[in-house]
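Colleague:
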Amino acid sequence: MGKSHNIGSTLDGVDLTACHPHHQVLFEPIQIGPVVAPNRFYQVPHASGMTESNPRVRAAFRETKAEGGWGVVSTGAVSIHPSSDDSPLPFARLWNDADIASHALTTEAVHRHGSLAAVELWHGGAVVMNRTSRLAPLSPSGIPWAATHIGFMGQLRPKKMTGADIDAVLHWQRLATRRALDAGFDILYVYAGMGYLGYEFLLPEYNYRDDGYGGSLENRVRFVREMLEVTRDEAGSRAAVALRISLEELRAKSSEHYESEAHGVVSLLSNVPDLWDVKMDSSPTDCGASRFRQEGAHEPIIDFVKSVTDRPVVGVGRFTSPDTMVSQIRRGVLDLIGGARASIADPFLPSKVREGRYDDIRECIGCNICIASWHDGVPVRCTQNATAGEEWRRGWHPEKFRQTLAPAKVLVVGGGPAGLEAALIAARQGFDVTLAEQDEDWGGRVVQESQLPGMASWRRVRDYRVWALSQMGNVAMFTNSQLDAAALSDFGADHIALATGAQWTTRLYSPLEIPAAPLEGPQVFTPEDVYAGRVTGDRLLVFDFDNYYLGGVIAEHLAEQDRYVTYATPAGHASAWTFMTNELPYVYQALENARVNIHTTANLMGFDGRVATLKNLFHSAETELEIDGVVIVGHREANDTLYQSVSDLSGNGNRSSVTLIGDALAPGAIVHAVHSGHLYSRGLIDPDATYLRDEPVTLHEPDSVFPAYQSDPGS
Ligand code: ADP
Ligand code: SF4
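Going by this note's numbering, the residue at position 363 of the sequence shown is 666; the numbering climbs one at a time, nothing skipped.
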């Protein structure tokens, strides 16, 4: 294992001249079993939504991170057998030899840049419902994961594993290991975290067995130990063996012989794996949104691991600051800095640290839209990095841009997320760019929203782009500049992008599940009134059918001003869609802490200035609330009047192309606005560009390899 010291200007041929001496430790190679990671930047396994259906999309997504300097690049979960079938959620697989070639695309791509490729071999145990394979889920003792959210619910409960079932899983791990080696992976995982099979053996709540795999801690560890041993036995010295483990619940359990059961498990398995990959137990705590969890929030759970193993340790914590990363290494918390979201938001983060380009790092904002993509079952999307998932499909590189051969003037109107992104990408492609914003500050909706409780990190969407634009010689930026149709016509741009945003309305919600007629009245407000400080009254109702974060955040904000706030929504949960971004449990905690009274499945029927009437969405029960005002967070309408008036000019010899982008085109989340701005500007060079459709890698006709497992587990 490398020592921490000031390295000098080069290390193993890596130029560190521009790297701050304090950060050079991040570029020390480190031995992991039989392989050497070239530096400490480790892209830990994370879901990409990319499966065997889109292997080229996946390979290019992972390759970009290797190119950007991540020394290890991992897959997401790769199922070892059809009894670990998470459909309809996206997952990869190594079920038979036919799956090897598609993974080889990824390993070859990662190796091209000198990085190591890791594979997260995975058995989901009782968490998966095997909806496609229709096999009984496996578990130590038949205990199901009884999820509270409909998206994860299922009716099939797991079977109790027999000794033959345990042998079968070990055999499948061996076969998957063999295939992973053939595919070219350098680090092979055993997964004992996040409720999956290995984890279920570790926790007494899941494991009631009275054989050698249950009872004492030594027995509960046995299955994971055997999974590691079988992987090691098959891999020999060809690859390292990593254990990914969740330690939150185990650390909360007292132990007879150890400080906690987590200490016990790590001590018992101390040097069995070549690498420890340590994490939290559930997605909301492990991949916490920035609204509720700070950078490095895992440390109190995982800080002991290095004291009970000699093997290198990797962990995550939404690290974006090199100082925090170095601190983790210097203080002996971690040896390798794990990144999932940090690597999605900026695949070139390691290169930028190495080159001393700190301001150029596109920091993750912790919105968890990337995680929502997985819940949606689609390839990853990122608010900060519009190119994530589009590397192969659209040929978008996060740092490289084709230069225009036909210099032209581009005018972007509106400096919100869409306008800022459009201006930046147009400028990077060599266009002569002018950006005009009517307000005194850049950022559009981000400026206001980032001042609400917990939302400060979201300002990075604005800050990164404003900084990057300020570095470019071909950009003119004007605030306090409201442009009208005449100004656009006079400007004489070749291309005009209208990123004029959208505005909230006071429309109510219809039983047809569509926005209805606006609610009129002096004490009826929208989020814009909240930002402008126009909301008056001590007793307020927030009525939310937008269902993402804003309704909940505004309720919290108003309650912080010592007002009595009621929150009502026709949905089944407050801020219902935040289930997709791991925020829902914490939204409830925040609203409870702020003493906000919550009504769900409640539709606002009217407000006479004194009494608001809520009606249950499904039956006729009504609730009357005496309030002073209502804030409606429901429907947004595009600000497209400027576009309409410019369209009218087109017959007057105006030859500019005029295009709506962002919320002015189709109101959405910030991720949509950034993508829209990016798409527009890439299209300036190649207006006819479409995207490629990926296809599975097929080597031969489909075969029948899993016919008889239920009766013949050894097959
Ligand atoms: P998006 O998310 O699509 O970027 P935003 O609402 O965040 O949308 O930003 C739109 C921006 O456009 C706001 O900052 C707004 O002040 C600005 N804007 C709207 N109309 C004009 C205009 N006519 N001239 C200049 N700026 C405008
Ligand atoms: Fe970070 Fe949001 Fe991008 Fe995910 S989508 S990587 S949380 S900025």
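Glycine residues also receive a C-beta, built at the ideal position from the N, C-alpha and C atoms.
Please state if the CB of Pro625 and the CB of His426 are separated by a distance shorter than 8 Å.
Modeller: Sequence index remark: in the sequence shown, residue 426 carries index 123 (1-based). Sequence index remark: in the sequence shown, residue 625 carries index 322 (1-based). Their beta carbons are not under 8 Å apart, which means His426 does not touch Pro625 by this criterion.
Colleague: When every heavy atom of the ligand ADP is checked, does at least one fall within less than 7 Å of the C-beta of Gln687?
Modeller: Position 384 of the sequence shown, counted from the start, is the residue given in the question as residue 687. No.
Colleague: Closest to Arg594 by CA distance: which of Tyr852, Arg660 and Gly371 is it?
Modeller: Numbered from 1 along the sequence shown, position 291 holds the residue referred to as residue 594. Arg594 has its Cα closest to that of Tyr852, out of Tyr852, Arg660 and Gly371.
Colleague: What are the residues that DSSP puts in a beta bridge with Lys655?
Modeller: As a working mapping, residue 655 is identified with position 352 in the sequence shown. DSSP, once it has assigned bridges, lists no residue as partnering Lys655.
Colleague: According to DSSP, is Ile728 part of a helix, a strand, or is it coil?
Modeller: Along the sequence shown, read from residue 1 onward, the residue named residue 728 stands at position 425. Three-state DSSP puts Ile728 in a helix.
Colleague: Would you report the Cα separation of Gly855 and Glu895, rounded to the nearest angstrom?
Modeller: For the purposes of this step, residue 855 is identified with residue 552 of the sequence shown, where counting begins at 1. For the purposes of this step, residue 895 is identified with residue 592 of the sequence shown, where counting begins at 1. If you take the alpha carbons of Gly855 and Glu895, they lie about 11 Å apart.
Colleague: Just checking Cys771 against the ligand SF4 - is the residue's beta carbon closer than 7 Å to any of the ligand's heavy atoms?
Modeller: The count along the sequence shown starts at 1 and reaches residue 771 at position 468. Cys is not the amino acid found at residue 771; the sequence shown has Ala there. No, the ligand SF4 has no heavy atom inside 7 Å of this Cβ.
Colleague: For the ligand ADP, I want to know if Ala796 counts as a neighbour, meaning its beta carbon is within less than 7 Å of at least one of the ligand's heavy atoms.
Modeller: Locating residue 796 in the sequence shown gives position 493, counting from the first residue. The answer is no for Ala796.
Colleague: Return the Cβ separation of Ala420 and Thr409 in integer angstroms, given the expectation that the two are a contact with Cβ distance under 8 Å.
Modeller: As a first step, residue 420 must be located in the sequence shown, where it is residue number 117. As a first step, residue 409 must be located in the sequence shown, where it is residue number 106. Between Thr409 and Ala420 the Cβ distance is about 6 Å, and since that is below 8 Å, they are a contact.
Colleague: Excluding the 5 residues preceding and the 5 following Glu886 in the sequence, name in chain order all residues of the same chain whose CB lies nearer than 8 Å to its CB.
Modeller: To locate residue 886, count along the sequence shown from 1; it is residue 583. Hits under 8 Å: Pro587, Ala592, Arg594, Phe595, Asn671, Tyr852 and Ser878.
Colleague: By Cβ distance below 6 Å, which residues in the same chain neighbour Asn900 in space, the five residues on each side in sequence not counted?
Modeller: Looking up residue 900 in the sequence shown gives position 597. Contacts found: Thr869.
Colleague: Using DSSP bridges, identify the partner residues of Thr926.
Modeller: Mapped onto the sequence shown, residue 926 falls at position 623. DSSP, once it has assigned bridges, lists Leu917 as partnering Thr926.
Colleague: Identify whether Gly718 lies in helix, strand or coil by the three-state DSSP scheme.
Modeller: Position 415 of the sequence shown, counted from the first residue, corresponds to residue 718. Three-state DSSP puts Gly718 in coil, outside helix and strand.
Colleague: Counting C-beta neighbours from all protein chains within 10 Å, is the total for Gln864 16 or more, i.e. buried, or is it exposed?
Modeller: For the purposes of this step, residue 864 is taken as residue 561 along the sequence shown, with counting starting at 1. Counting Cβ neighbours within 10 Å, Gln864 comes out exposed, since fewer than 16 surround it.
Colleague: Going by the C-beta, is Ala648 closer than 7 Å to any heavy atom of the ligand SF4?
Modeller: In the sequence shown, residue 648 corresponds to position 345, counting from 1. Because some heavy atom of the ligand SF4 lies under 7 Å away, the Cβ of Ala648 counts as near it: yes.
Colleague: Quick one: residues in its chain with C-beta nearer than 8 Å to the C-beta of Ala771, no 5 flanking neighbours on either side, listed in chain order?
Modeller: Counting from 1 along the sequence shown, the entry for residue 771 is found at position 468. Answer for Ala771: Asp663 and Leu727, listed in chain order.
Colleague: Identify the continuous beta strand (DSSP E) that holds Ala545 and give its terminal residues.
Modeller: Within the sequence shown, residue 545 is the residue found at index 242, counting from 1. Start and end: Ala543 to Ser549.
Colleague: Report all residues from its chain with a CB closer than 7 Å to the CB of Ile988; omit the five preceding and five following residues, and keep chain order.
Modeller: Taking the sequence shown and counting its residues from 1, one reaches residue 988 at position 685. Excluding sequence neighbours, Ile988 sits near Arg705, Thr707 and Gln732.
Colleague: Just to confirm, does Arg644 get its C-beta within under 7 Å of one of the non-hydrogen atoms of the ligand SF4?
Modeller: Translated into the one-based positions of the sequence shown, residue 644 becomes position 341. Yes; taking the cut-off as 7 Å, the Cβ of Arg644 has a heavy atom of the ligand SF4 nearer than that.
Colleague: Going straight from the alpha carbon of Gly641 to that of Pro461, what length do you get?
Modeller: Position 338 of the sequence shown, counted from the start, is the residue given in the question as residue 641. Position 158 of the sequence shown, counted from the start, is the residue given in the question as residue 461. Taking the straight line from one Cα to the other gives about 33 Å.
Colleague: Should Gly1021 and Ala721 be called a contact, given that it needs their Cβ atoms to be closer than 8 Å?
Modeller: Not covered by the structure: residue 1021. The range shown for the chain is 304 to 1018.
Colleague: Report the option in Met353, Phe344 and Thr1001 whose CA atom is closest to the CA atom of Cys1019.
Modeller: What is shown of the chain runs 304 to 1018, which leaves residue 1019 out entirely.
Colleague: Quick one: grab the DSSP three-state call for Lys712.
Modeller: Counting from one through the sequence shown, the residue named residue 712 turns up at place 409. Of the three classes helix, strand and coil, the one that applies to Lys712 here is strand, per DSSP.
Colleague: Grouping DSSP H, G and I as helix and E and B as strand, with all else coil, what is Trp677?
Modeller: The sequence position of residue 677 within the sequence shown is 374, counting from 1. Looking at Trp677 - three-state DSSP - the assignment turns out to be helix.
Colleague: Assuming Asn896 is part of the alpha helix (DSSP H), what are its boundary residues?
Modeller: Your numbering for residue 896 matches position 593 in the sequence shown. Per DSSP, Asn896 belongs to the alpha helix (DSSP H) from Leu887 to Asn896.
Colleague: Between the segment 650–664 and the segment 369–377, do at least 3 Cβ pairs fall closer than 8 Å?
Modeller: A contact exists between the segment 650–664 and the segment 369–377.
Colleague: Cβ of Ile672 within 7 Å of any heavy atom in the ligand SF4?
Modeller: Numbered from 1 along the sequence shown, position 369 holds the residue referred to as residue 672. For the ligand SF4, at least one heavy atom lies less than 7 Å from the Cβ of Ile672.
Colleague: Taking only heavy atoms of the ligand SF4 into account, decide whether any of them is closer than 7 Å to the Cβ of Gly669.
Modeller: For the purposes of this step, residue 669 is identified with residue 366 of the sequence shown, where counting begins at 1. Indeed, a heavy atom of the ligand SF4 lies less than 7 Å from the Cβ.
Colleague: So what's Pro332 in DSSP terms, helix, strand or just coil?
Modeller: Against the sequence shown, residue 332 aligns to sequence position 29. Note: Pro332 maps to coil in three-state DSSP.
Colleague: For the alpha helix (DSSP H) that contains Thr480, what are its first and last residues?
Modeller: In the sequence shown, residue 480 corresponds to position 177, counting from 1. Taken as a continuous stretch (DSSP letters only), the alpha helix (DSSP H) holding Thr480 covers Gly466 to Ala486.
Colleague: Alpha carbon to alpha carbon, what distance is there between Val581 and Met628?
Modeller: Taking the first residue of the sequence shown as position 1, residue 628 is located at position 325. Taking the first residue of the sequence shown as position 1, residue 581 is located at position 278. Distance between the alpha carbons of Met628 and Val581 is about 16 Å.
Colleague: Hey, Tyr494 and Arg547: beta-carbon distance below 8 Å or not?
Modeller: For the purposes of this step, residue 494 is taken as residue 191 along the sequence shown, with counting starting at 1. For the purposes of this step, residue 547 is taken as residue 244 along the sequence shown, with counting starting at 1. Against a cut-off of 8 Å, the Cβ pair of Arg547 and Tyr494 comes out as a contact.
Colleague: By the DSSP assignment, the beta strand (DSSP E) with Tyr494 in it spans what residues?
Modeller: For the purposes of this step, residue 494 is taken as residue 191 along the sequence shown, with counting starting at 1. Its beta strand (DSSP E) spans residues Ile490 to Ala495.
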